[in-house]
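Counting in the numbering used here, the sequence shown runs from 1 upward without gaps. All remarks here apply to the structure that follows.
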Amino acid sequence: WVAKVHNAQHESKVLDSVRRRMLNLSIAKAFESWRENAGEQGRVRKLCHRIMWRMQNQAAASAFERWVEALAEHAEVRMKVISQLRNDTLGDAFRVWWEQTTGEGRELLRASS
Numbered sequence: 001w002v003a004k005v006h007n008a009q010h011e012s013k014v015l016d017s018v019r020r021r022m023l024n025l026s027i028a029k030a031f032e033s034w035r036e037n038a039g040e041q042g043r044v045r046k047l048c049h050r051i052m053w054r055m056q057n058q059a060a061a062s063a064f065e066r067w068v069e070a071l072a073e074h075a076e077v078r079m080k081v082i083s084q085l086r087n088d089t090l091g092d093a094f095r096v097w098w099e100q101t102t103g104e105g106r107e108l109l110r111a112s113s
């Protein structure tokens, strides 16, 4: 009877040891799975940050490009206006000179005096 009790206690200890090992193995597997997932999440997070950074830079570059184009267009329009004003002024000066040298201007000046 003592041997049976001793044997049952031994078996109980062995079973507890096996149960603990299985539990530890289960915990180890869960931890390993968590570690892999955390690593993957970190990698995905970094990838998302890089993608967002690129998108923001593309948006900023696009806005800058539109600004440069608008500035160039504005400069072009300004140059056209200045050129037109210069041409108009030059044309008016030439007309006055022409009228004065051909006599039409002299007649107008005599008539107004």
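Just so you know, even glycine gets a beta-carbon here, dropped at the ideal spot from N, CA and C.
TODO: Could you spell out the range, first to last residue, of the alpha helix (DSSP H) harbouring Trp67?
DONE: Residue 67 sits at position 67 when you count from the first residue of the sequence shown. Where Trp67 is concerned, the enclosing alpha helix (DSSP H) stretches over 2-102.
Task: Length of the line joining the Cα atoms of Gln58 and Val68 - done: Start at 1 with the first residue of the sequence shown, and residue 58 comes out as number 58. Start at 1 with the first residue of the sequence shown, and residue 68 comes out as number 68. Cα-Cα distance, rounded: 15 Å.
TODO: Note down the Cα distance separating Gln56 from Ser83, rounded to an integer number of angstroms.
DONE: In the sequence shown, counting from the first residue as 1, residue 56 sits at position 56. In the sequence shown, counting from the first residue as 1, residue 83 sits at position 83. So the two alpha carbons sit approximately 40 Å from each other.
TODO: Whole angstroms is fine: what's the gap from Ser26's alpha carbon to Glu36's?
DONE: Residue numbering aside, residue 26 sits at position 26 when the sequence shown is read from its first letter. Residue numbering aside, residue 36 sits at position 36 when the sequence shown is read from its first letter. Each residue's Cα considered, the two are about 15 Å apart.
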